[in-house]
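Undergrad: This is the structure I want to talk about, given as C-alpha cells.
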Ligand SMILES: Cc1cc2nc3c(=O)[nH]c(=O)nc-3n(C[C@H](O)[C@H](O)[C@H](O)COP(=O)(O)OP(=O)(O)OC[C@H]3O[C@@H](n4cnc5c(N)ncnc54)[C@H](O)[C@@H]3O)c2cc1C
Ligand SMILES: [Zn+2]
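Protein chains in written order, with our numbering: chain A, 1 to 87; chain B, 1001 to 1417.
Right, here's the structure in full:
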C-alpha cells in the first residue's frame, strides 16, 4: 500500500486519494494550432522515474496538490501545493 | 524445424524423449540486420514471423531485455474476443479472432483456443438498454454478439450470483460465443518457434538502451547491453515501455503506463465453463484447464512501472469476483502478478510510422492487446515492409490524436480487457 502525505492531513493510505494526471501542463490559447492542442491533450512524459503529478485527497480534506513520485519504486520524493513550480 | 504430430510424439516417446529439437536457437547478435523488432512479446514475434514468411526483407532480429513472452504476453488473462463497438475495431479484432481460430495449424503449435464464449453482465434496466444498443452496433458490423435475458444467463452459467436482492442483481448479459481463451505462453512460443525456423534471430537478455541515427535523422541501429546492432528499420513493440523506448529516439507518445493485475486461485473441479465479467463491478474471470480461477479487473489507478500491483486494487477486484460468484469466496489465491500496460486516451492501439524515419510503432495496446496479436503482427509486418499502413489499421495512426479522430472504445464498450 502506497502512503502519501497530504499537505493538510499528513500520511494517509493511497485509497483515500485519487490521481489527477501529469502536473504543470499549461493549457494553450484556444486559437492555438492543432499540434499545440495535441501536445496539451495527449502527449505525456510518462517516465520510468520521477514524475510530477496531481493528486486530490478525495476521501479526506479534498485538497488538490502536486507530488513528485518515482514510478518504479513509488517513492514520494516531494509534496508541494498547486501553483508553485516543480521543486 | 521438425514438425509436431502424433507420430512425432510416439517416436520420441519410444526414444525416451531424449531427442526433441530445441524449440528455437539462442544465437549471438550479428553486427547488423535489415529489420530489428524491439520486444519479444506476442506482437514482436508475430511481426517477425509475418515479415519472414511473406515479405522477406532480409535478416530479421527480435530483441528482448528479458526472456521471450516474459512481458504482458505471458501475464495476461488470456481472453480473446471481437465484440467491439466501432467498425474500425470490429474489422481489425475480428480478423484477429479468426486468425486465432486457425493459428494452431498455421504454426504447428497447439495454442489451445477455446471458444467458450464471453458473457458481460448487465445489472440494471439502463445497462440492458445500453447493451441492446452496442449489440445492435456489433451485429451491424458483422460481429456475432447476442443478448441474453436474466433467466437465460442463470441457466447458462448457474454459479453466478442469482440473488435478486444482490447489490448488483443480474438483469441480463451480452455474449459473444466465439470469444474465449487462448493459452498465452503458447502464442509466444508458437510464433517464436515458427519465426526461428524461418531464420529470425531471437536475441533474449539483450536490452535496447538507445538509437544511433545518421545526420539526416534516419535510424542506423540500436545500442544494446550487448553492443551496437545496425539496422535501417526498427519496430518498437515494447508495450508498457513504449514511451521509455520512444524517449531514447527523442519523441513523446500519447500514452500513460499503468500496472494491471491478475490473480489465479488454487485449482478446483470444473465449475465455470465460460468467461464472465461485469463492467459495473469491474471484475472478470474464467477457469483454466488446470482448474484455477483466473481473475482480472481494472488497472491500478496511477501510473506505474513497478510490475507488482496495488493492494487496494487487488481488494477491489477480488471483492467484485466474490460478488459475481459468491461461492468463490472459499477459494484461496495461488498467485498474483502485474504487467505494465500503455494506455492511449481512446484505449485503441497505435500501429504507425513514428516521427523518426525508419522507426515504426506497434504500441498502446493497454490491457487488451493479447487478442490482437495475430492481426497486429500481420499489420505491423505490412507497415514495416511497405512503409505504409495495412488497410485494417489505417485508423490506428498517430495522426488521429492531432485530428481528434479518436476511436474511443473505452467509452463505447466500457470493457477494459
Ligand atoms: C494482467 C493483465 C491481463 C491482461 N488480460 C488481457 C486479456 O484477457 N485479453 C487481452 O486481449 N489482453 C490482455 N492484456 C493485455 C495484453 O497482455 C497485452 O496488450 C499484450 O500482451 C501486449 O503484447 P506485446 O507483444 O505488445 O507486449 P509484451 O508481451 O509486454 O512484450 C513487450 C516486450 O518488450 C520488452 N522490452 C521492453 N523494453 C525493452 C527494451 N528497452 N529493450 C528490449 N526489450 C524491451 C519486454 O521485456 C517485453 O518482453 C492483459 C495484460 C495484463 C498485464
Ligand atoms: Zn487531506
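Here a beta-carbon is modelled for each residue, glycine too, at the ideal position from N, C-alpha and C.
None of the values given here were measured: they were computed from a predicted structure.
State the beta-bridge partners of residue 1258 (chain B) as determined by DSSP.
TA: B:1303, B:1341
Undergrad: Just checking: is the beta-carbon of residue 44 (chain A) within a distance shorter than 8 angstroms of some beta-carbon in chain B?
TA: yes
Undergrad: Going along chain A, which residues have a C-beta under 7 angstroms from residue 1401 (chain B)?
TA: 38, 42
Undergrad: Considering residue 1104 (chain B), what are the terminal residues of the alpha helix (DSSP H) in which it resides?
TA: 1103-1107
Undergrad: If we call anything under 8 angstroms between Cβ atoms a contact, is residue 12 (chain A) one with residue 6 (chain A)?
TA: yes
Undergrad: For residue 1417 (chain B) and residue 1016 (chain B), what's the separation of their Cα atoms in angstroms?
TA: Unreliable placement is indicated for residue 1417 (chain B), whose pLDDT of 48 sits below 50; the coordinate value is still reported in the next sentence. One C-alpha to the other measures close to 42 angstroms.
Undergrad: With a threshold of 6 angstroms on Cβ separation, who are the neighbours of residue 68 (chain A) within its own chain once the five nearest residues in sequence on each side are excluded?
TA: These residues qualify, in order along the chain: 50, 52, 77, 78.
Undergrad: Would you list, in sequence order, the uninterrupted alpha helix (DSSP H) runs of no fewer than 4 residues that lie entirely inside the region 1105-1188 of chain B?
TA: 1125-1140, 1150-1156
Undergrad: Count the other C-beta atoms from every protein chain shown that fall within 10 angstroms of the C-beta of residue 1254 (chain B), then say buried if there are 16 or more, exposed otherwise.
TA: buried
Undergrad: What does a CB cutoff of less than 7 angstroms around residue 1267 (chain B) pick up in its chain, not counting 5 residues either side in sequence?
TA: 1290, 1291, 1292
Undergrad: My parser needs the beta strand (DSSP E) runs of 3 or more residues fully inside the region 1194-1260 of chain B; what are they?
TA: 1201-1203, 1208-1213, 1219-1224, 1227-1230, 1233-1236
Undergrad: What is the DSSP secondary structure of residue 64 (chain A), counted as helix, strand or coil?
TA: The answer is strand: DSSP assigns residue 64 (chain A) an E or B state.
Undergrad: Along the region 1305-1320 of chain B, where does the CB come closer than 8 angstroms to a CB of chain A? Name the residues.
TA: 1305, 1306, 1310, 1311, 1312
Undergrad: Looking at the C-beta of residue 1417 (chain B), does it have a partner C-beta in chain A at a distance below 8 angstroms?
TA: Interpretation of residue 1417 (chain B) is limited by its pLDDT of 48, a score under 50 that renders its predicted location unreliable; no figure is taken from the coordinates.
Undergrad: For residue 1042 (chain B) versus residue 1187 (chain B), is the C-beta distance shorter than 8 angstroms?
TA: yes
Undergrad: Quick one: Cα of residue 1219 (chain B) to Cα of residue 1056 (chain B), how far?
TA: Going from the Cα of residue 1219 (chain B) to the Cα of residue 1056 (chain B) covers about 20 angstroms.
Undergrad: I want to know whether the region 1374-1386 of chain B touches the region 1397-1408 of chain B - three or more CB-CB distances under 8 angstroms.
TA: No, the region 1374-1386 of chain B is not in contact with the region 1397-1408 of chain B.
Undergrad: What does residue 138 (chain A) reach in chain B if we use C-beta pairs closer than 9 angstroms?
TA: Nothing about residue 138 (chain A) can be read from this structure; chain A reaches only from 1 to 87.
Undergrad: Flag this pair as yes or no: are the beta carbons of residue 1201 (chain B) and residue 1027 (chain B) separated by less than 8 angstroms?
TA: yes
Undergrad: In angstroms, rounded to a whole number, what distance separates the CA positions of residue 1128 (chain B) and residue 1122 (chain B)?
TA: A direct Cα-Cα distance of roughly 6 angstroms separates residue 1128 (chain B) from residue 1122 (chain B).
Undergrad: Please confirm whether any heavy atom of ligand 2 lies closer than 7 angstroms to the CB of residue 8 (chain A).
TA: At least one heavy atom of ligand 2 lies less than 7 angstroms from the C-beta of residue 8 (chain A).
Undergrad: Run through chain B and tell me which residues come within less than 8 angstroms of residue 51 (chain A), C-beta to C-beta.
TA: 1303
Undergrad: Between residue 18 (chain A) and chain B, is the shortest Cβ-Cβ distance under 8 angstroms, so that the two count as touching?
TA: yes
Undergrad: Can you name the residues of chain A whose CB is closer than 9 angstroms to the CB of residue 1257 (chain B)?
TA: 46, 48, 71
Undergrad: Using the C-alpha atoms, what's the distance from residue 1394 (chain B) back to residue 1190 (chain B)?
TA: Straight-line Cα distance between these residues: approximately 28 angstroms.
Undergrad: When you measure from the CB of residue 1075 (chain B) to every non-hydrogen atom of ligand 1, does any distance come out below 7 angstroms?
TA: yes
Undergrad: Can we count residue 1205 (chain B) as close to ligand 3, meaning its CB is less than 7 angstroms from some heavy atom?
TA: You won't find ligand 3 in this model; what it holds is ligand 1 and ligand 2.
Undergrad: Can you give the Cα-Cα distance for residue 19 (chain A) and residue 1118 (chain B), rounded to whole angstroms?
TA: 31 angstroms
Undergrad: Kindly give me the distance between the Cβ atoms of residue 1206 (chain B) and residue 1064 (chain B), rounded to whole angstroms, as I take these residues to be in contact under 8 angstroms.
TA: 7 angstroms
Undergrad: Check the Cβ of residue 1354 (chain B) against every Cβ in chain A and list those closer than 7 angstroms, keeping chain order.
TA: Residues of chain A passing the Cβ test: none, with the nearest at roughly 13 angstroms.
Undergrad: Tell me, to the nearest whole angstrom, how far the beta carbon of residue 57 (chain A) is from that of residue 9 (chain A); I am working on the premise that it is less than 8 angstroms.
TA: 6 angstroms
Undergrad: Would you call residue 1196 (chain B) buried or exposed, if buried means 16 or more other Cβ atoms sit within 10 Å of its Cβ?
TA: buried
Undergrad: Residue 61 (chain A): beta carbon under 7 angstroms from a heavy atom of ligand 2?
TA: yes
Undergrad: Give the residues from the region 1334-1361 of chain B that approach chain A closer than 7 angstroms (Cβ to any Cβ), ordered along the chain.
TA: 1345
Undergrad: Run through DSSP, which three-state label would residue 1275 (chain B) get?
TA: strand
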